[in-house]
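**Student:**
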Ligand SMILES: [Zn+2]
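In the working numbering, the protein residues as written are 76 to 311.
(1) Would you be able to state if there are at least three C-beta pairs under 8 Å between the stretch 185-193 and the stretch 159-173?
(2) Do the CB positions of residue 234 and residue 83 come within less than 8 Å of each other?
(3) Strictly by DSSP, which residues pair up with residue 297?
(4) Could you pull out every residue in the same chain whose Cβ sits closer than 7 Å to the Cβ of residue 210, ignoring the five residues on either side in sequence?
(5) Going by beta-carbon coordinates alone, are residue 288 and residue 296 separated by less than 8 Å?
(6) Within the same chain, show all residues whose beta-carbon is closer than 7 Å to that of residue 237, passing over the 5 residues directly before and after it, in chain order.
(7) Can you list, in chain order, the residues of its chain whose CB lies under 7 Å from that of residue 134, leaving out five sequence neighbours each side?
(8) Going residue by residue through the stretch 224-269, where are the continuous alpha helix (DSSP H) segments of at least 4 residues, counting only ones entirely within it?
(9) Using only the heavy atoms of ligand 1, determine whether one of them is closer than 7 Å to the beta carbon of residue 300.
(10) Any heavy atom of ligand 1 inside 7 Å of the beta-carbon of residue 268?
(11) Got a sec: does ligand 1 put a non-hydrogen atom nearer than 7 Å to the Cβ of residue 279?
(12) So what does DSSP say about residue 273, is it helix, strand or coil?
Next up, the structure:
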């Protein structure tokens, strides 16, 4: 294999390695996103549970209020037999009416709280079901991602090994140049020159003289603009 062909293959390997490295970096982030969405679903359940808890406490307080109102009413009703004057009697009656109204309002509030309690319990069951479904889905998705990850890691290891043995075929100086350009030029060190005679890396025109040399494929040529290795690609 000519040095140029070796360089072309090396570039192919390095492009694959870059792609695999990106995948190996990206897949764990997908797993993190899955886990974050589960935490969100769990948080939704907990939020409703906290609201139910508050509602229960409010309900107990109102039931206590209702008991107190009952006691107060019994006391007022007992006083009806103790009062001496009509004025006092009317005053106690008015008090009893107030207590009755308060009792009515409290009973309505209790009813509303009981209804809220029921609907929150339903919401919790629904949120828990959503959480479970998401958990099952996430478990399946995570297994698929982990499989992809280990496949990519394995492939990466293989490609790196092949790349290393290919790299040994090149003279040290050429390999050094290649790696320096690869690093400086965004992972692209060997590019084709098209029939329109522009560099496949930087799109700058190549001199006709250089194109002739490329077509003869004698020496390694660099783009005068970006420094990448060039090779001639016959128009398809
Ligand atoms: Zn160029």
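Every residue gets a Cβ at the ideal spot worked out from N, C-alpha and C, and that includes glycine. Please read these numbers as outputs of a predicted model, since none were measured by experiment.
**Tutor:** So, from the data block:
(1) no
(2) Within the chain shown, the letter at position 159 stands for residue 234. Within the chain shown, the letter at position 8 stands for residue 83. No, they are not a contact pair.
(3) Reading the chain shown from its first residue, position 222 is the one you call residue 297. According to DSSP, which records beta bridges pairwise, residue 297 is partnered with 304.
(4) Start at 1 with the first residue of the chain shown, and residue 210 comes out as number 135. The residues are 113.
(5) Counted from its first residue, the chain shown places residue 288 at position 213. Counted from its first residue, the chain shown places residue 296 at position 221. Cβ atoms of residue 288 and residue 296: closer than 8 Å.
(6) By 1-based counting over the chain shown, the position of residue 237 is 162. Excluding sequence neighbours, residue 237 sits near 88.
(7) On the chain shown, residue 134 is found 59 positions in, with the first residue counted as 1. 185, 188, 189, 192.
(8) 247-259
(9) Counting from 1 along the chain shown, the entry for residue 300 is found at position 225. Result yes, Cβ under 7 Å from ligand 1.
(10) Residue mapping note: residue 268 aligns to position 193 of the chain shown, counting from 1. Flag unset: Cβ of residue 268 not near ligand 1.
(11) Against the chain shown, residue 279 aligns to sequence position 204. Flag set: Cβ of residue 279 near ligand 1.
(12) As a working note, residue 273 is residue 198 in the chain shown. DSSP places residue 273 in strand when its eight states are reduced to three.
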